[in-house]
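Counting from 1, position 421 in the sequence shown corresponds to residue 420 in numbering that gives the first Met the number 0; the numbering is continuous, with no gaps. So the structure is just underneath, and the comments pick up after that.
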Amino acid sequence: MSKFPKNFLWGVACASYQCEGAWDTDGKGRNIWDDYCHDTTHQNIKDGDTGDVACDSYHRFREDVALMKAHNVQVYRFSISWARVIPDGDGDVNEKGLQYYDDLVEELLANGIEPWITLYHWDLPSALQDKGGWLNRDIVKTFGRYTRVIAERFKGRVTHFMTINEPQCVAQCGYLNGNHAPGWKLSWEMVAQVYHHICLAHSEAQRVLKEVCGPDTLVGAVPCGSLAYPEVDTPEGREASYHASWDLSHGWNFNIFLDPLILHRYDDSANDSIKRFAKTIDPKDWDLMEKPDFLGLNIYNGFAVNEKGEPVKRAPGAPVTACKWPVTPEVMRYGPQHIFRRYGIPMYITENGLSCNDKVYMDGKVHDPERIDFLNRYLLELSKGIEDGAPVGGYLQWSFLDNFEWGQGYSERFGLIYVDYTTCERIPKDSAAWYAKVIESNGEIL
Ligand code: BGC
0 MSKFPKNFLW
10 GVACASYQCE
20 GAWDTDGKGR
30 NIWDDYCHDT
40 THQNIKDGDT
50 GDVACDSYHR
60 FREDVALMKA
70 HNVQVYRFSI
80 SWARVIPDGD
90 GDVNEKGLQY
100 YDDLVEELLA
110 NGIEPWITLY
120 HWDLPSALQD
130 KGGWLNRDIV
140 KTFGRYTRVI
150 AERFKGRVTH
160 FMTINEPQCV
170 AQCGYLNGNH
180 APGWKLSWEM
190 VAQVYHHICL
200 AHSEAQRVLK
210 EVCGPDTLVG
220 AVPCGSLAYP
230 EVDTPEGREA
240 SYHASWDLSH
250 GWNFNIFLDP
260 LILHRYDDSA
270 NDSIKRFAKT
280 IDPKDWDLME
290 KPDFLGLNIY
300 NGFAVNEKGE
310 PVKRAPGAPV
320 TACKWPVTPE
330 VMRYGPQHIF
340 RRYGIPMYIT
350 ENGLSCNDKV
360 YMDGKVHDPE
370 RIDFLNRYLL
380 ELSKGIEDGA
390 PVGGYLQWSF
400 LDNFEWGQGY
410 SERFGLIYVD
420 YTTCERIPKD
430 SAAWYAKVIE
440 SNGEIL
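Rendered as structure tokens:
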């Protein structure tokens, strides 16, 4: 029996600021990541790196699409730079910026690759940040207007849209911890407000997409966080890991965003500030929340719990990635099941991957056995999760190209394709050829 369903989709993902470059080309406006990287008072990014050039995909997208095609990629999830399309976020449309995405979509379609659009992957136009960004409720309408521009342009050509990538990072990295743009450090009450506006903005965008593109167009939300899996696979262990997955005292979780959006409530484990904020929500707001058609799960790692639901300490020297994230393939089996049990919405894995210390070897090639081993393990676990009943329709590896890894600049490489940042030359790694075979065999070679 096949490990994956017949129509399972295989793809790759990336985001505008991380790969496009061309930061001030063809009328693009400034966004908060331009500002955050260019900030000369604080060095916000490792080694002072910026996304000014990145992989230069703005100029090299045809080469990138050709590489995708050569590696059997079926879906490309990319994000749109809001400030490239509407330079000040809410004013005139910049036709040249919009044309770039039109050309990309056409190139993908011509090569038999499905374009999946993420509307927002963290690069807010600076002019909107000046008005408070996600803290200002006006963002809901403004996001709706921007969505309309994209929907009108791409209706009939794009079947899957995702609204706001990882609200957890937007709210907590950007507005609480200040380790992402805009680098604000606000109180939890204010961060709860940011989350609330993101739920409303998602919903507004979903309404606009359905209205413009039709009811069959699928709209997804893309959360992230830490999910639990059983240390030992017993019924008690599974049950305990399900409950441990929503405990907000572990830090950020999927449900800090999905509970209010879908269940119209906050988990009891939410902190006091969130609870205080929840009491101030206008009850009419709950009627505005739209349930997504699908959930895009970005899953990198999780944590094991015992049968009492207590986190289990990892063994000394347990495997980690180059950026020291724990390697925990089991989360791919149980995580989607937990999410489906709580929300009952079909899913795609919209991101999964790892950074490795990749380099060009003496033979001119990039050997990355660690990536192959990691992806193989995670995909096998995913296939078990699907067999257990989790409706996951596809898997998008993060990331196709090495790219700008936010605060870590170019020091972390997540790609299947190596990028030489001095020349922008692309060199497929061993894992790219391996992944092409995984796709070709619909996972049979795993
Ligand atoms: C983000 C990506 C990021 C990746 C690896 C995800 O949280 O959506 O933009 O590059 O993780 O850190």
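Here a beta-carbon is modelled for each residue, glycine too, at the ideal position from N, C-alpha and C.
DSSP places LEU103 inside the alpha helix (DSSP H), whose first and last residues are 94 to 109. For LEU118, the uninterrupted beta strand (DSSP E) segment begins and ends at 113 to 119. About 16 Å separates the beta carbons of ALA53 and THR117, which is beyond the 8 Å limit, so they are not a contact pair. When the beta-carbon positions are compared, ARG156 and LEU123 stay at least 9 Å from each other. Boundaries around ARG147 are those of the alpha helix (DSSP H), 138 to 153, since no beta strand (DSSP E) includes it. Where ALA126 is concerned, there is no enclosing beta strand (DSSP E), although the alpha helix (DSSP H) around it starts and stops at 125 to 128. In this structure, PHE77 and PRO166 do not form a Cβ contact; the two beta carbons are roughly 19 Å apart against a cut-off of 8 Å.
In the assembly as shown, LEU175 is a buried residue. Its beta-carbon has 16 or more other beta-carbons within 10 Å. Here PRO328 is buried, its C-beta having at least 16 other C-beta atoms within 10 Å. For HIS242, the closest alpha carbon among the candidates TRP251, SER202, ALA227 and ASP232 is that of ALA227. For ASN71, there is no enclosing alpha helix (DSSP H), since its DSSP letter is neither H nor E. DSSP places MET189 in the helix class (H, G or I) of the three-state scheme. Taking C-beta separations shorter than 8 Å and ignoring five residues to either side along the sequence, the partners of PRO181 in its chain run ILE31, ASP34, TYR35, LEU123, GLN128, GLY132, GLY173 and TYR174, following chain order.
Within the model, the alpha-carbon separation for GLN407 versus ARG29 is close to 21 Å. Ranking HIS120, ASP362 and TYR57 by CA distance to the CA of ASP101 puts TYR57 first.
Not one heavy atom of the ligand BGC falls within 8 Å of the beta-carbon of HIS201. In this structure, TYR299 has its CB closer than 8 Å to one or more heavy atoms of the ligand BGC. A Cβ-Cβ distance of about 24 Å is found for the pair GLY219 and GLY96, leaving them out of contact under the 8 Å criterion. With contacts defined as CB atoms closer than 9 Å, ASP367 and SER430 qualify as a contacting pair.
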